[in-house]
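For the sequence shown, position 179 (counting from the first letter as 1) is numbered 180 according to this note's numbering, and the numbering increases by one without interruption. Reading through the structure tokens given below for one structure.
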Amino acid sequence: MQSRRKPRRENKSPQNLEMMRRAGLLVWEALHRVVAPMIRPGVTTREIDAAVERTFREHHALSLFKNYVPEGTNVPPFPAVTCISINEEVVHGIPGPRQLKEGDIVSIDTGCKLDGWCGDAAYTYPVGQVDPEVRRLLEVTQGVLDLAIGLMATASRWSQVAAEMEKYVKDHGFFVVEAFVGHGIGREMHEDPQVPNFVSDQLKKSGDFALEPGLVIAIEPMVNMGTKRVRTRPDRWTQVTADRRPSAHFEHSVAVTADGPYVLTAAPGKDRPTTSGGIHKSITLGETLNPP
Ligand code: MG
């Protein structure tokens, strides 16, 4: 979920980060322990959303998405706790009666606030067997997120990371979406700074920022197979690719610490990446597509 206005920025203490890790773990649990086993032909996106809503409620967490209205717009409040975007849908798909079918890819984006702190993440799942080129789209999109997280160990400014992300996607023959970007996160879902997955004009002018301990950002590359251009559906939320070819979306909330990046929405025990320095580790299909 993105917004137009990123209201504020606050440096987080190590204690704050431990609170954010709890929110992040709950988001991980919703996406990977609750949603992942539901991904199969025939399940409706509304059933998936209801399961995530139940999970948050059981843990007394608040949804960051339900009733969300982007600042400065008159878009209707978002009606669900997840954004579920299938195939050519890029982001902000609204859950409903649509059933997943064999060969689809489905992006689930969700966020919660637990004890005052936010977590936000997204994962794109294949439904059964998908076309090899679509599978490659998933690998490249997850790969560019992993690349960005790894680079945060050594890069001093976000523009360095963004340039590598842009190059990585281009080198693989795909397109980074430029209409939507990541964001700072903390007590609010959307804080400063804006976190583009490419070297934007805003980044070149005044938007660049230092990767210093206490910074927490949601990094969320959206990668399209055939064009960077997107369109808004008449529901005013769902974004689709202009050419109707597939799109993938992966997101983690990540803190910069003195010991390197801390992935707040990672699986238990996987919050500290083992690679650094921008050497992208080769990802096996099992690792990429079948989370624990
Ligand atoms: Mg986000």
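Idealized CB from N, CA, C, for every residue including glycine. Here the structure is a predicted model, which means the values were calculated and not measured.
Q. With a CB to CB cut of under 7 Å and the five nearest residues on each side skipped, what residues in its chain are close to Ala81?
A. Asp50, Phe66, Lys67, Ile95 and Pro96
Q: Using a threshold of 8 Å, state whether the C-beta atoms of Met223 and Ser248 are closer than that.
A: yes
Q: Buried or exposed for Gly287, please, with buried defined as at least 16 other CB atoms from any protein chain shown within 10 angstroms of its CB.
A: For Gly287, the predicted structure reports a pLDDT of 30, less than 50, and the residue's modelled location is therefore unreliable. The matter cannot be settled from this model.
Q: Compute the Euclidean distance between the alpha carbons of Cys113 and Arg47, then round it to the nearest angstrom.
A: Distance between Cys113 and Arg47, taken at the CA atoms: about 18 Å.
Q. Grouping DSSP H, G and I as helix and E and B as strand, with all else coil, what is Thr155?
A. coil
Q: Would you tell me roughly how many angstroms separate the C-alpha atoms of Pro62 and Leu115, rounded to the nearest one?
A: Rather than Pro, the amino acid found at residue 62 in this sequence is Ala. For Ala62 and Leu115, the distance between alpha carbons rounds to 5 Å.
Q) Who are the Cβ neighbours of His60 in its own chain at under 7 Å, not counting the five residues just before and after it? A) Leu27 and Leu115
Q: For Asp110, I'd like the list of residues in its chain whose CB is within less than 7 Å of its CB, leaving aside the five on either flank, ordered along the chain.
A: Met2, Thr83, Cys84, Val92, Ala123, His250 and Glu252
Q. Would you call the region 30-39 and the region 127-134 touching, i.e. three or more CB-CB distances under 8 Å?
A. no
Q.
Tell me which residues share the same chain as Ala52 and place their Cβ nearer than 6 Å to its Cβ, disregarding the 5 neighbours each side in the sequence.
A. Val35
Q: Taking all protein chains shown into account, decide if Pro262 is buried (16 or more other Cβ within 10 angstroms of its Cβ) or exposed.
A: buried
Q. Relative to the ligand MG, is the shortest distance from any of its heavy atoms to the C-beta of Asp193 smaller than 7 Å?
A. no
Q: State the beta-bridge partners of Thr258 as determined by DSSP.
A: Gly261
**Q.** Unbroken stretches of the beta strand (DSSP E), 3 residues or longer, contained in the region 72-136
**A.** 83-87, 90-92, 106-115 and 118-127
**Q.** Collapsed DSSP secondary structure at Asn291 in the structure displayed
**A.** Note on Asn291: pLDDT 33, under 50, position unreliable in the model; the coordinate value appears next. Residue state, collapsed to three classes: coil.
Q. Would you call the region 185-194 and the region 168-175 touching, i.e. three or more CB-CB distances under 8 Å?
A. When Cβ pairs closer than 8 Å are counted between the two stretches, the region 185-194 is seen not to touch the region 168-175, the count staying below three.
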